[in-house]
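Terminal number for the sequence shown in numbering that gives the first Met the number 0: 303, no gaps in between.
These notes are about the structure you will find just below.
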Amino acid sequence: MKEKAQIAVIGAGLMGHGIAQVFAHAGHLVTVHDASAQALATLRERIARNLADLGQDPAAAERVFPVESLADCVASADVVIECGPENLTFKRDLFARLEALCPPHTLLASNTSVMPITSIMRGLRSGHRAMGTHWWNPPYLVPLVEVIKTPETDPALAQQMFDLLAACGKTPAMVEKDVPGFIGNRLQHALWREAVAIVAEGICDAETVDTVVKASFGRRLPVLGPLENADLVGTDLTLAIHETVLPAIDATPAPSPYLKQLVAEGRLGMKSGEGFRRWTPEQQAELRARVLNHLKAMNHAEGR
Numbered sequence: 000m001k002e003k004a005q006i007a008v009i010g011a012g013l014m015g016h017g018i019a020q021v022f023a024h025a026g027h028l029v030t031v032h033d034a035s036a037q038a039l040a041t042l043r044e045r046i047a048r049n050l051a052d053l054g055q056d057p058a059a060a061e062r063v064f065p066v067e068s069l070a071d072c073v074a075s076a077d078v079v080i081e082c083g084p085e086n087l088t089f090k091r092d093l094f095a096r097l098e099a100l101c102p103p104h105t106l107l108a109s110n111t112s113v114m115p116i117t118s119i120m121r122g123l124r125s126g127h128r129a130m131g132t133h134w135w136n137p138p139y140l141v142p143l144v145e146v147i148k149t150p151e152t153d154p155a156l157a158q159q160m161f162d163l164l165a166a167c168g169k170t171p172a173m174v175e176k177d178v179p180g181f182i183g184n185r186l187q188h189a190l191w192r193e194a195v196a197i198v199a200e201g202i203c204d205a206e207t208v209d210t211v212v213k214a215s216f217g218r219r220l221p222v223l224g225p226l227e228n229a230d231l232v233g234t235d236l237t238l239a240i241h242e243t244v245l246p247a248i249d250a251t252p253a254p255s256p257y258l259k260q261l262v263a264e265g266r267l268g269m270k271s272g273e274g275f276r277r278w279t280p281e282q283q284a285e286l287r288a289r290v291l292n293h294l295k296a297m298n299h300a301e302g303r
């Protein structure tokens, strides 16, 4: 990979503009394509505002170039990262077009959060250069990027992507087996499934679930991962705990009926003002600000 690569990002929305920002801040030239003229028109402004908020040079936004034509956006790209909607047909069609439009050396990556990369890239003639790069929201604040190999991905090309991300200051993680949800979302939604079940079973309310997580093991998670914790307390104690608690933990292989009921009733979370909990506009704004400030403080403490 070139020291200063040409990056193309497909999508100028929430994830796309943040990913473009990371590469531009690291000194790379970035082209961005989006079907929305409005998203392209505000792209540099949004990136410059984010950079200024982080105390970084807003001039890095000048290395980001909005491009109306998909073909022009990717014509010289070393790396293409797709940030489109979570729709399998859309993604398959897009990568078929990208394969034809991009130079032969271009790395092709999807930023899907849960879809198996193998399903998205099925049918490509050059599947050896296709992979997943799952960024987390907001991508300029959350360090992790999962690099997902398919059975066809050339390991050397996946390593190129890994090294590029590391050089940009990210924390890449190599996912050796392509499975739905990869690593992070499998872990996150296993916790969410049990959290929903606890509320559905009347063990406590939703606010109490969140309080318990934030005031107990959640405090250790930034410095102590689950398997580090298991080794810390001992695998023998972990086994003893699992023998008692695992049979009682929800193992339903489908979404919770309680969650389905919330959606059917229009209780869609903050977008409707109520989900598991009720949310005023002021509460929503306060929570979003608290999360962003927490992420910025963690990055500052880590020297990012």
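Where a beta carbon is used, it is the ideal one built from N, C-alpha and C, also for glycine.
First and last residue of the uninterrupted beta strand (DSSP E) at residue i
i, result
"T170", "T170 to V174"
"F161", "Per DSSP, F161 belongs to no beta strand (DSSP E); it is in the alpha helix (DSSP H), P154 to A166."
"M130", "A129 to W134"
"Q5", "Q5 to I9"
8 Å Cβ cutoff met for residue i and residue j
i, j, result
"N184", "M14", "no"
"R62", "V29", "yes"
"T105", "D71", "no"
"N16", "A59", "Note that residue 16 corresponds to His in the displayed sequence, not to Asn. For H16 and A59, no; Cβs fall outside 8 Å."
"Y139", "V198", "no"
"S109", "G131", "yes"
"R192", "D153", "no"
"A7", "V79", "yes"
"I9", "L93", "yes"
"A311", "A11", "The displayed coordinates of the chain run from 0 to 303. Any statement about residue 311 would go beyond what the structure contains."
"V178", "P115", "yes"
"V21", "K169", "yes"
Own chain partners of residue i with C-beta closer than 6 Å, once the 5 adjacent residues on each side are dropped
i, result
"A307", "The structure shown does not extend to residue 307, since the chain spans only 0 to 303, so no value can be given for it."
"L164", "V144 and P171"
Contact set for residue i: own chain, Cβ-Cβ below 8 Å, skip 5 residues either direction
i, result
"V141", "W134, W135 and L294"
"A36", "E67"
"F64", "L28, V29, T30 and V31"
Boundaries of the alpha helix (DSSP H) in which residue i is found, first to last residue
i, result
"G15", "L13 to H24"
"V198", "G183 to A199"
"L28", "Segment L28 to H32 is the beta strand (DSSP E) holding L28; no alpha helix (DSSP H) there."
"P256", "P256 to A263"
"V178", "Run containing V178: none; DSSP gives neither H nor E here."
Beta-carbon proximity list for residue i, same chain, < 7 Å, skipping 5 on both sides
i, result
"S118", "L87"
"Q283", "M269"
Minimum Cβ-Cβ distance from residue i to chain C less than 8 Å
i, result
"R124", "The displayed structure is made up of one protein chain only, and chain C is not part of it."
- Item | Whole runs of the alpha helix (DSSP H) within the region 68-127, excluding any shorter than 4 residues | 69-73, 87-100 and 116-120
- Item | Length-filtered (4 minimum) alpha helix (DSSP H) runs lying within the region 204-229 | 205-214 and 216-219
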